[in-house]
Amino acid sequence: MNQQRVVSKINLLCIHRVAAILLLLVIGADPATPPDDPMMGNWGGKSASLLRKECMVPALSATGQLPVSTLTFSVPPGGLNVRIGCGDVAKIVIPGYKPKSYSVSAERPGEFDVTFKLYPNGRCSGYLDSLSVGDSISVFGKGRKERRPGTHVGFVAFGVGITEALPIAAAELEAGDAQEVRLLWGARTFGDMFWHGEVAALEKKYPGRFRVTRMLSREDREGCRRGRIDG
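All residue numbers for the sequence shown refer to my numbering, where the first residue is 1 and numbers rise by one.
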């Protein structure tokens, strides 16, 4: 019996040692290992400077409303190479961490926008919120999503997700394949929503083809449905 216990302890110790070795191998192979250029990392990112910072939704502790901001960056040398009408994303390198995917909410000649919600103790959103005008980030484009045209197109967006859904909806309407584009936009309260002017402009430009339904889970409001989006 004692011999079996000794063998079991030895086997368990070997398993722990193997697990530790595998963990070291994984850590050693992690692209987040500090590179020669700590700003760019090994991710192939390019430098983009923060040009402007705008608050879209203020924080309200009484309702638990979290702030939303839009950051405007300069387009990096060589371009970002993302298609916001197809849902491609920008990868922003978080120092000491890894790249985080963010939708490009708008683009103009020489600049692009990233809109984000600031979460309590959020490592990625906290980094973006800490940036000041003139600071630089490391960013690169990611993804080449395939467009699948159809006569009836639907989108579901949650809160700040409108910044990805609306540009794609606009691209589908402009392409002309879709006879009707519908957007279901959910949030906790109406105060969590923004871009009302952009939504109204798209409805006006494409009357009868573009329809938006707003759904709130914690507020009754005229013109909005009450409920939650699941599934």
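From the three backbone atoms N, C-alpha and C, an ideal C-beta is built for every residue, glycine too.
The beta carbon of I168 sits closer than 8 Å to the beta carbons of I84, G85, C86, G87, F155 from its chain, once the five residues preceding and following it are set aside; these are given in chain order. If you compare the alpha carbons of L184, G159, E172, F158 with that of E146, the shortest gap goes to E172. Classified as buried, K46 has 16 or more neighbouring CB atoms from the shown chains inside 10 Å of its CB.
The beta carbon of R225 is closer than 8 Å to those of T213, R214, M215, L216 in its chain, skipping five residues each way along the sequence. Counted as a single uninterrupted DSSP element, the stretch harbouring G87 is not any alpha helix (DSSP H), since DSSP gives it neither H nor E. In the displayed model, G134 falls within coil according to three-state DSSP, outside both helix and strand. A direct Cα-to-Cα measurement between F210 and R221 gives close to 22 Å. By the criterion of a C-beta distance shorter than 6 Å, A157 is surrounded in its chain by A165, W185, once the five residues flanking it on both sides are discounted.
Contact check for V93 against Y102 fails: the beta carbons are separated by 8 Å or more. S125 sits in a helix when the DSSP states are folded into three classes. Counting along the chain, the unbroken alpha helix (DSSP H) around A201 starts and ends at 196-205.
Counting every other CB atom within 10 Å of its CB across the protein chains shown gives D230 a total below 16, marking it as exposed. Take the alpha-carbon of Q179 and the one of G227: they are about 28 Å apart.
Judged by DSSP secondary structure, E164 falls within the alpha helix (DSSP H) whose first and last residues are 162-175. When DSSP reads this structure, Q65 sits in a beta bridge with L60. Secondary structure at G154: strand, using DSSP grouped into helix, strand and coil. Only residues of its own chain outside the window of five on either side were considered, and among them V153, A169, E172, L173, R209, F210 have a CB closer than 7 Å to the CB of V181, listed in chain order.
Boundaries cannot be given for A178, as no beta strand (DSSP E) includes it and DSSP labels it neither H nor E. In the assembly as shown, L60 is an exposed residue. Its beta-carbon has fewer than 16 other beta-carbons within 10 Å. Nearest to G96 by alpha-carbon distance, out of G143, C124, E198, is C124. Per DSSP, the unbroken beta strand (DSSP E) holding P99 starts and ends at 99-108.
Within the DSSP bridge table, the entry for K46 names V139 as partners.
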